[in-house]
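All residue numbers for the sequence shown refer to this note's numbering, where the first residue is 1 and numbers rise by one. Cβ coordinates follow ideal geometry from the N, Cα and C atoms, glycine included. One structure is given here, and the rest of the page talks about it.
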Amino acid sequence: MTKEVPMTEEQQQQWIKNQYQVATKYLAEKGVVTQSVQVEESRYLVPILALWKLTSIDGNKFWVLCGDLPSDHSSVDVAPNAREALRHFSLKWQMQAENLLQAKNEEQNEFAHLLIGRADGLYKLFNDESLWQAN
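Quick look at the structure:
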């Protein structure tokens, strides 16, 4: 059995940088070019998730979620802060999973169960007061 070794500060910073690249590439694949990031409103839980508040070149703002879960995005209008954005994605994924389960397709069924698991995890993070207390 191997023992999990904690990430160094340098490895954590590299993970965050990589997730920023994942987020901007994800938006680019959706036809959205990123202009800036609101770092102070973005949140990271290394190595599980990164939630970015990004602004596109046309001025639209998005919450972009990536990490050890499916990448996704929504307008910032859905949530005033990162905590509420996590709840939004959790509920969104639960509804998407329910729709996928209705399709009765094995591959979609598997993805639906993945979404349900990740949605549950996001909701637990949303609900964890210790993660959201000001330093």
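- Taking a 10 Å sphere around the C-beta of Ser-90, we find 16 or more other C-beta atoms and assign the residue as buried.
- Three or more Cβ pairs closer than 8 Å define a contact, and the stretch 113-132 meets that threshold against the stretch 77-91.
- Annotated as distal: Pro-70 and Trp-52, with beta-carbon spacing of 9 Å or more.
- Distance from the CA of Asp-58 to the CA of Glu-110, rounded to the nearest whole angstrom, comes to 37 Å.
- Sorting Asp-77, Glu-9, Ile-16, Gln-102 by C-alpha distance to the C-alpha of Tyr-44 places Ile-16 at the top.
- Its chain contains Ser-56, Ile-57 as the residues whose beta carbon lies nearer than 7 Å to that of Val-33, once the 5 sequence neighbours on both sides are disregarded; these appear in chain order.
- By alpha-carbon distance to Gly-67, the top candidate from Gln-96, Ala-50, Asn-81, Gln-108 is Ala-50.
- For Gly-117, the three-state secondary structure derived from DSSP is helix.
- Secondary structure note for Val-37: its beta strand (DSSP E) is the uninterrupted segment 34-37.
- Checking the DSSP bridge columns, you'll see Arg-43 partnered with Leu-51.
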